[in-house]
Amino acid sequence: MPQVRVRIAPSPTGSLHLGTARTALYNYLYAKHNNGKFVLRLEDTDEERSQEAYTQDIINHLKWLNLTWDEGPDIGGSYGPYCQTQKEEHYRKLANELVAQKKAYFCYATPEELTILKEEQLKSGKASRYDNRGRYVSEKEAQAYEASGRIPCIRLIVDEPRVITWDDLIKGTIAINSLDLGGDPILIKSSGMAVYNFAVVVDDIDMAITHVIRGEDHIHNTAKQILIYEALGKTYPEFAHSALIFDAEKQKLSKRKHGEFVHISKYASTGYLPEALFNYLAQMSWTPSNGQEIFSQTEAINDFDLNKVSKSPAIFDLTKLNWFNNHYLRQLDNETFKLKAMPYLDLLNLNSYDSNEIHEMLTLIKDGLNNLSEITQALSFFEPKPLDYEKLEFMEILNQDSASKILNLILNNIASFKNLDAKETKALIDSIGINNGFKKGKELYMPIRIALTARLHGPDLSRIFTILKTQQVQTRIKNALALNLQTKS
RNA sequence: GCCCCCAUCGUCUAGAGGCCUAGGACACCUCCCUUUCACGGAGGCGGCAGGGGUUCGAAUCCCCUUGGGGGUACCA
583 MPQVRVRIAP
593 SPTGSLHLGT
603 ARTALYNYLY
613 AKHNNGKFVL
623 RLEDTDEERS
633 QEAYTQDIIN
643 HLKWLNLTWD
653 EGPDIGGSYG
663 PYCQTQKEEH
673 YRKLANELVA
683 QKKAYFCYAT
693 PEELTILKEE
703 QLKSGKASRY
713 DNRGRYVSEK
723 EAQAYEASGR
733 IPCIRLIVDE
743 PRVITWDDLI
753 KGTIAINSLD
763 LGGDPILIKS
773 SGMAVYNFAV
783 VVDDIDMAIT
793 HVIRGEDHIH
803 NTAKQILIYE
813 ALGKTYPEFA
823 HSALIFDAEK
833 QKLSKRKHGE
843 FVHISKYAST
853 GYLPEALFNY
863 LAQMSWTPSN
873 GQEIFSQTEA
883 INDFDLNKVS
893 KSPAIFDLTK
903 LNWFNNHYLR
913 QLDNETFKLK
923 AMPYLDLLNL
933 NSYDSNEIHE
943 MLTLIKDGLN
953 NLSEITQALS
963 FFEPKPLDYE
973 KLEFMEILNQ
983 DSASKILNLI
993 LNNIASFKNL
1003 DAKETKALID
1013 SIGINNGFKK
1023 GKELYMPIRI
1033 ALTARLHGPD
1043 LSRIFTILKT
1053 QQVQTRIKNA
1063 LALNLQTKS
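Per my numbering, residue 583 is the first one in the first sequence, and the count goes up by one each step.
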C-alpha cells in the first residue's frame, strides 16, 4: 500500500474557521495514525476574495492547534507548488489536452445567456442546469464567436445519464447520477484560471493524495471530481465526508451570524488553550475506543479511526468547550498558568503588588475559570481604587446593624491584622466575631466581602484580606461605612 | 423544484439483532464539603421522530412518512 498522504486545502478568503480546523484535525489524525504525510495547500483561485493576511492567519492558527504539516507553501516539499495561483499554466495545459482528446470543449456561452436559460428552467419547474449547448457548436460558429470577441471557458463532457458511486470512508456507499450535476462543468474560467473542482483534482493528483477527508458540503463536488479523474486517466483517491458543525439553531456556523466566534483566532485571543479546543473538536464527532472524554493529541492519534466518525452533524456547544478548557486550565502548573495569564493581567493596574502577591491572586481564581480572559474581571477588585457599592444587593447587607458593627470591629482591630497569613487572619476574624456574639458564617463574612470586593461571591476572603494588606482593607471598610452613614441620614 | 446526506436524553455521544430495565459526558436540580462562588464528592431529572415490515427476538436490518441539513456558480 502506498504511503498515506492527506491534505487540508483552505482558501484564504477568511481567517481559520472552526469547521476547517476540525477537517484539518481529522486529516492530521488520519495521517499520523497511518504514519503518513499531512499537506497544507492554499486554494487561492478566487482572485477577488483571497488575501495574504488570511493566509497568515490560517497558518498561525493551525500551528497554534498543533496541527503541523509535512509539506506546505511555507515550508515547501517535493510536490509543490502548494498554492494554486502558481499553477495556472499547468491547469490550462491539462485542460487543453482534454479538449484535444475531445473530452472537453470550448464553451462560448455568455453569463447573460446562461442566466436566461436558468430563468426559463425555473419558470417551467425544471431542475436548473447548463444544457450542454457548447458541445454542438460547429467549427464555423466557434470562429464567429472568436471574431466577435467572446472568450470561451473550457467544459468537461459528462456522460449522461450515468451513476457515479464511491465507498465513502465515513458515510458508506454514495451514488449520484451524472444527470444531477448541473450539466458539463467548467474546468477553466474564461479568465484563464482553473475552477475549484479542476484545480483540486489536478493538485490531488500532483501531490499524490491518497485520502480526501473533507466536509459533506463537498459530496456533489466529489461526483464531479471523479469524472475529472477519469477524463485525466487517473484513479481517484479514497473519499471521506464528515458531517458539518452547526449552531444551536442547526444552522451552519457562519461569520455573518456568529461573528468572530467562528474563527480559531477568537478562541486563541479569549484565552482558550489549544489542547482544550483540540480535545473538544476531536470528541464532538469521534469517540475513542475507551470512551474517554478527555484525551491528548497522542492518544487521539493512536486510536483514530475514520470509521468511527459520526455521520450526523454536531452542534457547537460553548458550555462544553468551557468545561474542557476549565479542565486543561486547572491542569496547568502555576508557572505556566502565570505565563499564559500575563496578557490578561496586564489589562489591570496591579503595579502596587509584588510578584508573590500576583501569584497568590492567580491561584485564588485558577479553578473557576472558563477562559483566561475572565482573569481581568475576576481580579479587578485588586486594583487600588475605590469600589462602587451602589447596588441594591450590597446596600441591603451593608445597611444591617450587624454589618456596621462587624466592619467597625475589624477597623478597630486593624493593627492586629498586620503581617498575618491567611489562616491567622481567618482565625482572628472568627474570634472577633465570636467574642462579640456573631456566629462565623454568612452574617460575619458577607459584609466584609462586600466592603473589600464589592461582590457577593469570590474566592477565599481571608486570602483576599492578606493580599490587599491592612492599609487597603482599612480604606475600603471606611468607604463602605461612610456609605452606610450616608444612606441612613 | 431537483439531487444527496442525516435522525438515540436539552447538547455531544456509546450502541455493528439477544449483553439494553438503553450506558457515559456537558448542562440542569438536590444533598455533602464550605463564610460566598468555584473545585471536589454522592444522588436525581431526561432519550431510541412516527408508522409498517423482516425475525423466536429490533435502538440496531428493509420500506414509507415526517423532520433537519447540504448541494444545485465562470465561489471555494
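Note that beta-carbon positions come from the ideal geometry of N, C-alpha and C, so glycine has one too.
Excluding the five sequence neighbours on either side, which residues of its own chain have a C-beta within less than 8 Å of the C-beta of residue i, listed in chain order?
{"i": "glutamate 965", "result": "Leu930, Asn931, Leu932"}
{"i": "glutamine 633", "result": "Pro594, Thr595"}
{"i": "threonine 792", "result": "Pro584, Gln585, Val586, Arg587, Val588, Gly618, Pro819, Glu820"}
{"i": "phenylalanine 919", "result": "Leu911, Leu944, Lys948"}
{"i": "lysine 890", "result": "Trp868, Thr869, Ser871"}
{"i": "lysine 839", "result": "Asp829, Gln833"}
{"i": "glutamate 842", "result": "Lys848"}
{"i": "threonine 1052", "result": "Ile996, Ala997, Phe999, Lys1000"}
Looking at residue i: is its Cβ nearer than 8 Å to the Cβ of residue j?
{"i": "lysine 893", "j": "isoleucine 752", "result": "yes"}
{"i": "alanine 825", "j": "alanine 882", "result": "no"}
{"i": "isoleucine 947", "j": "leucine 927", "result": "no"}
{"i": "threonine 667", "j": "threonine 627", "result": "yes"}
{"i": "aspartate 766", "j": "tyrosine 712", "result": "yes"}
{"i": "phenylalanine 538", "j": "leucine 989", "result": "An answer regarding residue 538 cannot be provided, because it is not within the stretch 583 to 1071 covered by the chain."}
{"i": "tryptophan 561", "j": "leucine 611", "result": "For residue 561 there is no data in the structure shown, the boundaries of the chain being 583 and 1071."}
{"i": "aspartate 788", "j": "tyrosine 661", "result": "yes"}
{"i": "tyrosine 854", "j": "asparagine 916", "result": "no"}
{"i": "arginine 715", "j": "tyrosine 687", "result": "no"}
{"i": "leucine 676", "j": "valine 784", "result": "yes"}
{"i": "isoleucine 768", "j": "isoleucine 736", "result": "yes"}
{"i": "proline 592", "j": "isoleucine 640", "result": "yes"}
{"i": "phenylalanine 1073", "j": "asparagine 648", "result": "This structure gives no information on residue 1073, because the portion of the chain shown stretches from 583 to 1071."}
{"i": "valine 740", "j": "leucine 809", "result": "yes"}
{"i": "isoleucine 827", "j": "arginine 604", "result": "yes"}
{"i": "tyrosine 862", "j": "lysine 902", "result": "yes"}
{"i": "serine 984", "j": "glutamate 942", "result": "no"}
{"i": "alanine 781", "j": "tyrosine 673", "result": "yes"}
Suppose you measure from the CA of residue i to the CA of residue j; what does that come to, to the nearest Å?
{"i": "methionine 977", "j": "leucine 993", "result": "19 Å"}
{"i": "tyrosine 778", "j": "cysteine 665", "result": "12 Å"}
{"i": "serine 1071", "j": "proline 1029", "result": "A caution first: serine 1071 carries a pLDDT of 45, below 50, which makes its placement in the model unreliable, though a value can still be read off. Cα-Cα distance, rounded: 20 Å."}
{"i": "glutamine 961", "j": "isoleucine 940", "result": "The question names glutamine, but residue 961 is leucine in the sequence shown. Taking the straight line from one Cα to the other gives about 10 Å."}
{"i": "glutamine 1056", "j": "proline 1041", "result": "20 Å"}
{"i": "lysine 685", "j": "serine 730", "result": "26 Å"}
{"i": "serine 878", "j": "leucine 607", "result": "13 Å"}
{"i": "glutamine 807", "j": "leucine 738", "result": "11 Å"}
{"i": "threonine 755", "j": "histidine 599", "result": "28 Å"}
{"i": "arginine 796", "j": "leucine 1034", "result": "54 Å"}
{"i": "phenylalanine 898", "j": "threonine 817", "result": "36 Å"}
{"i": "leucine 644", "j": "asparagine 1001", "result": "49 Å"}
{"i": "leucine 696", "j": "glutamate 702", "result": "10 Å"}
{"i": "leucine 624", "j": "alanine 635", "result": "13 Å"}
{"i": "glutamate 723", "j": "glutamine 638", "result": "47 Å"}
{"i": "asparagine 938", "j": "leucine 900", "result": "33 Å"}
Once the 5 residues before and after residue i are set aside, which same chain residues still bring their CB inside 6 Å of it?
{"i": "asparagine 759", "result": "Pro743, Val745"}
{"i": "tryptophan 646", "result": "Ala850, Pro856"}
{"i": "threonine 801", "result": "Just to set this straight, residue 801 is isoleucine in the shown sequence, not threonine. The answer, listed in chain order, is His823."}
{"i": "arginine 1031", "result": "Leu1043"}
{"i": "leucine 761", "result": "Glu742, Pro743"}
{"i": "alanine 1004", "result": "Ser1044, Arg1045, Thr1048"}
{"i": "threonine 804", "result": "Phe821"}
{"i": "valine 794", "result": "Pro819, Phe821"}
{"i": "alanine 790", "result": "Arg587"}
{"i": "serine 852", "result": "The question names serine, but residue 852 in the sequence shown is threonine. These residues qualify, in order along the chain: Asn953, Ser955."}
Just grab the DSSP bridge partners of residue i for me.
{"i": "valine 588", "result": "Phe620"}
{"i": "alanine 896", "result": "Ile827"}
{"i": "histidine 599", "result": "His845"}
Note down, in chain order, each residue of its chain lying with its Cβ closer than 7 Å to the Cβ of residue i, except the 5 sequence neighbours on either side.
{"i": "alanine 1036", "result": "Phe963, Leu969, Asp970, Tyr971, Phe976"}
{"i": "glutamine 1054", "result": "Pro966"}
{"i": "histidine 845", "result": "Ser597, Leu598, His599"}
{"i": "asparagine 907", "result": "Tyr854, Leu855, Ala858, Asn952, Asn953"}
{"i": "glutamate 629", "result": "Met775"}
{"i": "lysine 771", "result": "Cys735, Val777"}
Is any heavy atom of the ligand SAH found at a distance shorter than 7 Å from the C-beta of residue i?
{"i": "asparagine 617", "result": "Absent from the structure shown: the ligand SAH. Ligands present: none."}
- Only counting runs of 4 or more residues, tell me where the alpha helix (DSSP H) segments fall wholly within the region 758-817, in order along the chain. Whole alpha helix (DSSP H) segments, 4+ residues: 778-788, 801-813.
- Task: Please specify which runs of the alpha helix (DSSP H), each continuous and at least 4 residues long, are wholly inside the region 814-844, giving them in chain order.
- Result: DSSP runs (the alpha helix (DSSP H)) wholly in the region 814-844: 837-840.
- Length at least 3, wholly inside the region 603-682: the beta strand (DSSP E) runs in chain order: If we require 3 residues or more, the beta strand (DSSP E) runs fully inside the region 603-682 come out as 619-622.
- Start-end ranges of the beta strand (DSSP E) lying completely within the region 682-766, minimum 3 residues: Fully enclosed beta strand (DSSP E) runs of 3 or longer: 686-689, 735-738, 745-750, 754-759.
- Whole beta strand (DSSP E) elements within the region 956-1020, 3-residue minimum: Within the region 956-1020, no run of beta strand (DSSP E) at least 3 residues long lies entirely inside it.
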